[in-house]
DNA sequence: ATAGTTCTTTGACTTTAGTCAAAGAACTAT
DNA sequence: ATAGTTCTTTGACTAAAGTCAAAGAACTAT
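Below, the structure is given as structure tokens:
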């Protein structure tokens, strides 16, 4: 890897955290410990339903005892109200009181004012450029943080993604989608195929399946990306990973089909070296068929 | 200002400080308090000559007593050696011992490894895109943080910039440059003209002068940008600010001259609406002459 | 020379942040 | 029903971070 990229990232990190991050923390905190301010912010961000202590603990990476005490302190200050979770009464849920919401709004106001102050020195055009550059950087940093893993055909994360996929396209296809059509666990386990799940900060955000169509021929199914992880280039990465698995398993060629309505997907397949072929199955949802020779 | 830009900056800040900044801090610290690790890093960055406690204090924003104790602790650990400043014996200067340098190198190694880990998930092309986006963002953030101020004609910062300007072009012009040619304090003070200095985090990084050439005609002189603040678009901003001052002072037109060798400057003047005119003075350093009508 | 500043150190604190272990209540799987 | 988990609270700490004021040595300006 070129050292240029490493040093550029480090340089940016130093500059940004010192100039913007530290400043924002300081403004956010104001007359309250930073950890408390941060927690108030997280509870506020969670919105109406409140945030469970469990969530807060993982989100902020705090010790359970420390967090418990901090919530209690916020409660004493009248900013937070704690109740039990509707479904699991071990779990406690914190939500803002009206005083807490006022404080949260004040935090936001201060943070906005800080950001505005930073942007004030730029022309409208430069602000647009900055926003564009930050968006591009964030997209790439997110993408870099996502890990694609091979999971078992009946793994909970894998099935959850497939179910989300089914629900997603059921809403999208005029004719709906029957979840019984999904690949079966044994079709994508062991030597038969593969199920890939992409994780972002521990949460599954995308999947893709590979199964055996006939000897030497693999089929790629159910490439799906969570709505909040779209436009990162993740589908392409999953496709690459699936092709690599296919090559490792000794397939010479992979095929896939797609629904007429998914035109972006079709464009992606073409861009990734797939060529359109005649119908190879009787899938009622499929209208376009593609295939790609794998380099061995 | 569009709220889009504000929220985009805030979103990026949250994502970046949490994902990258916090991680880097954690790695940097390792088995040493973060504040100590940071200080070691700052002393290391300062290089051979060491860093004065005074510098460190402002750079890290720490209380004098706190810093004093921290340096002493680093000294006890054999990582830092403290001596007195050559010119001012109130000031103490900290520099790394060889053990300190080893620790500093280790910090850098860890930080590089972290950055490399982050970049590993990206293709070479995507890494290039990320580097480009970060560079653009940093450029704009720096530019946004720079404030242009009107200073008195004999202000220390102003004269320091003008001296730097003179030294700079003395090295650049084949025939050298005589500093006696610089504008005099009274020419750029009060109603006669203006001296602008641009500050980045308290340090003067650029200047520009405006003086009266004849009634209704101003002259822009000595637009200079510190080498470390170049390519940010700062010269253009100074030029804008000088023109604004000129308009406020009632000039109808501003002129300027430039040396044949400064082709980038000439291109900038043209891009900013200046048109070339015949020689209007007998300045030996000048070969191209420009003028711009000011909107009133 | 002298008054006012600047730079640093020291003493005496407080607050914030965080850790670890024990224990109880509520869930889950068998 | 019961054993094992999960979620949270509490007690008992420690370490890190930071503040404030006083004081001495070294500078600067008049």
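Residue numbers (the working numbering), protein chains in the order written: chain C, 5 to 300; chain X, 5 to 300.
Glycine included, every Cβ here is placed at the ideal spot set by N, Cα and C.
Bear in mind that the values here come from a model prediction, so they are computed numbers and not experimental data.
Neighbour-count burial assignment, residue i, 16 or more Cβ in a 10 Å radius
i                     : result
residue 212 (chain C) : buried
residue 179 (chain X) : exposed
residue 8 (chain C)   : exposed
residue 285 (chain C) : exposed
residue 76 (chain X)  : exposed
residue 283 (chain X) : exposed
residue 70 (chain X)  : exposed
residue 247 (chain X) : buried
residue 42 (chain C)  : buried
residue 88 (chain C)  : exposed
residue 5 (chain X)   : exposed
residue 102 (chain X) : exposed
residue 28 (chain C)  : buried
residue 135 (chain C) : buried
residue 148 (chain X) : buried
residue 38 (chain X)  : exposed
residue 121 (chain X) : exposed
Residue from the options whose Cα sits closest to the Cα of residue i
i                     : options                       : result
residue 145 (chain X) : C:138, C:147, C:153 and C:149 : C:138
residue 130 (chain X) : C:127, C:143, C:122 and C:280 : C:143
residue 94 (chain X)  : X:115, X:291 and X:57         : X:57
residue 277 (chain C) : C:298, C:264, C:265 and C:287 : C:298
residue 289 (chain X) : X:189, X:282, X:268 and X:264 : X:264
residue 55 (chain C)  : C:97, C:18 and C:193          : C:97
residue 204 (chain X) : X:45, X:161 and X:192         : X:161
residue 110 (chain X) : X:200, X:197, X:273 and X:34  : X:34
residue 201 (chain C) : C:141, C:245, C:63 and C:292  : C:245
residue 19 (chain C)  : X:136, X:141, X:117 and X:181 : X:141
residue 214 (chain X) : X:38, X:229 and X:193         : X:193
residue 90 (chain X)  : X:53, X:101, X:105 and X:175  : X:53
residue 155 (chain X) : X:148, X:149 and X:165        : X:165
residue 249 (chain C) : C:199, C:272, C:275 and C:295 : C:199
residue 132 (chain X) : C:11, C:243 and C:92          : C:11
residue 281 (chain X) : X:262, X:267 and X:268        : X:262
residue 106 (chain X) : X:83, X:121 and X:116         : X:83
residue 157 (chain C) : C:30, C:13 and C:225          : C:225
residue 127 (chain C) : X:266, X:241 and X:100        : X:241
residue 177 (chain X) : X:296, X:291, X:295 and X:17  : X:291
residue 44 (chain X)  : X:206, X:120 and X:78         : X:78
residue 189 (chain X) : X:206, X:175, X:163 and X:183 : X:163
residue 153 (chain C) : C:275, C:216 and C:243        : C:243
residue 119 (chain C) : X:14, X:239 and X:273         : X:14
Segment limits, alpha helix (DSSP H) that includes residue i
i                     : result
residue 190 (chain X) : Element bounds for residue 190 (chain X): n/a, residue is neither H nor E.
residue 240 (chain X) : 238-252
residue 16 (chain C)  : 7-20
residue 173 (chain C) : 160-176
residue 142 (chain C) : 128-149
residue 284 (chain C) : No alpha helix (DSSP H) contains residue 284 (chain C), which DSSP labels as neither H nor E.
residue 60 (chain C)  : 57-64
residue 70 (chain X)  : 68-80
Neighbour flag for residue i against chain X, beta carbons, 9 Å
i                     : result
residue 103 (chain C) : no
residue 5 (chain C)   : yes
residue 67 (chain C)  : no
residue 111 (chain C) : no
residue 232 (chain C) : no
residue 150 (chain C) : yes
Cutoff 9 Å: residue i Cβ touching any chain C Cβ
i                     : result
residue 28 (chain X)  : yes
residue 10 (chain X)  : yes
residue 142 (chain X) : yes
residue 20 (chain X)  : yes
residue 242 (chain X) : no
residue 1 (chain X)   : As displayed, chain X neither begins before 5 nor continues past 300, which places residue 1 (chain X) out of reach and without an answer.
residue 116 (chain X) : yes
residue 108 (chain X) : no
residue 38 (chain X)  : no
Residue i - containing beta strand (DSSP E), residue span
i                     : result
residue 218 (chain C) : 207-218
residue 262 (chain X) : 257-262
residue 98 (chain C)  : 96-100
residue 297 (chain C) : 292-297
residue 234 (chain C) : No beta strand (DSSP E) holds residue 234 (chain C); DSSP gives it neither H nor E.
If contact is defined by three or more beta carbon pairs under 8 Å, each pair taking one atom from either stretch, is the segment 242-256 of chain X in contact with the segment 207-226 of chain X?
yes
On the three-pair Cβ rule with 8 Å, is the segment 196-216 of chain C touching the segment 228-236 of chain C?
yes
Are the segment 40-51 of chain C and the segment 168-187 of chain X touching by the rule of at least three beta carbon pairs closer than 8 Å?
no
Indicate whether the contact test is met: 3 or more Cβ pairs, each with one atom in the segment 62-78 of chain C and one in the segment 11-29 of chain C, closer than 8 Å.
no
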